[in-house]
Amino acid sequence: MEFQASLGQEAYRIEVTEAGEGKLKVRIGEETYLVDVTSPAPHLYSLLLAGKSYTVRVEGEGTTLLVTLDQHTVPVEILEKQQLLRPKKTEHVTTGRQEITTPMTGRVVDVLVKEGEEVEEGQTLLIIEAMKMETEIRSPITGTVREVRAQPNTAVEIGQLLLVVE
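Going by our numbering, the sequence shown opens with residue 828, and the numbers climb by one from there.
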């Protein structure tokens with residue numbers, strides 16, 4: 828599988844292939860690594876690379892993930908091979924009712940909008956904290972906030988409905 832991972836402003840092309848017996852061949856840019864991988868629990872991975880052991884936790888679904896390596900957590904955006912071939916700026920029109928759900932397990936830090944408020948596409952609607960990292964949840968469209976289900980300082984699960992924008 829070939830994909831690109833964006834970490835902050837840096838983008839990395841990554842190719843992962845099976846190497847047999849629980850091993851993966853991972854190519855990041857021009858470097859290739861042979862990695863032993865086990866998954867003792869959902870979202871938890873134990874990696875053995877060049878004789879050193881790493882514990883990795885991956886939270887989130889889809890293309891936005893929070894990856895924790897030892898004590899360092901970073902948001903990572905995954906672009907699959909098909910997306911790499913597309914132009915960077917694509918025109919798409921999103922209209923109608925948009926249900927905004929939680930991309931990760933965490934805690935609502937702040938809700939920045941109210942029902943009936945007009946919002947712009949890309950405007951931050953609320954902030955979620957997961958593993959000491961704050962993530963802004965933005966509006967996918969210009970419209971009106973019809974429902975606010977999120978409350979500050981409450982726990983949320985992946986896929987939980989937070990807001991509705993029309």
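From the three backbone atoms N, C-alpha and C, an ideal C-beta is built for every residue, glycine too.
As the structure is a computational prediction, the values presented were derived from the model and not from experiment.
DSSP bridge partner residues for residue i (one or two, in chain order)
i: Val992; result: Gln925, Val972
i: Val936; result: Answer by DSSP bridge pairing: none, since Val936 is not bridged.
i: Ile985; result: Answer by DSSP bridge pairing: none, since Ile985 is not bridged.
i: Ser1042; result: The displayed coordinates of the chain run from 828 to 993. Any statement about residue 1042 would go beyond what the structure contains.
i: Glu888; result: Note: Glu888 sits in no beta bridge, so no partner.
i: Glu829; result: Glu842
Assigned secondary structure, residue i (DSSP; H/G/I helix, E/B strand, else coil)
i: Lys994; result: Since the first residue shown for the chain is 828 and the last is 993, residue 994 is missing from the structure and cannot be characterised.
i: His899; result: strand
i: Gln909; result: The pLDDT assigned to Gln909 is 47, lower than 50, so where the model puts this residue is not dependable; a value taken from the coordinates is nonetheless given after this. Of the three classes helix, strand and coil, the one that applies to Gln909 here is helix, per DSSP.
i: Met931; result: coil
i: Lys879; result: strand
i: Val843; result: strand
i: Thr859; result: strand
i: Pro947; result: Here residue 947 is Glu; the residue named in the question, Pro, does not match the sequence. In the structure shown, Glu947 sits in coil (DSSP, three-state: anything other than H, G, I, E or B).
i: Glu942; result: coil
Close Cβ partners of residue i (< 7 Å) along its chain, the five nearest in sequence each way excluded
i: Gln987; result: Thr928, Thr929
i: Pro867; result: Ser873
i: Val972; result: Val940, Lys941, Glu942, Gly943, Glu944, Val946, Leu990, Val992
i: Ala957; result: Glu886, Leu893, Met931, Thr932, Gly933
Start and end residues, beta strand (DSSP E) containing residue i
i: Ala977; result: Ala977 -> no beta strand (DSSP E), and no H or E assigned at all.
i: Met960; result: 960-965
i: Glu956; result: 951-957
Heavy atom of the ligand PLP within 7 Å of residue i beta-carbon
i: Gly923; result: Of the ligands one can find in the structure shown there are none, so the ligand PLP has no counterpart to examine.
Close Cβ partners of residue i (< 6 Å) along its chain, the five nearest in sequence each way excluded
i: Val885; result: His870, Leu892, Val894
i: Gln978; result: none
i: His899; result: none
i: Val963; result: The residue asked about is misnamed: residue 963 is Glu in this sequence, not Val. Same-chain partners within the cutoff: Thr951, Ile954.
i: Val853; result: Val843, Tyr860, Val862
Cβ-based neighbour list, residue i, same chain, cut-off 8 Å, excluding 5 preceding and 5 following
i: Arg913; result: Only weak support is given to the placement of Arg913: the predicted model assigns it a pLDDT of 43, under 50, and the value that follows is read from those uncertain coordinates. So no residue of the chain qualifies.
i: Thr981; result: Arg934, Val935
i: Gly856; result: Tyr839, Arg840
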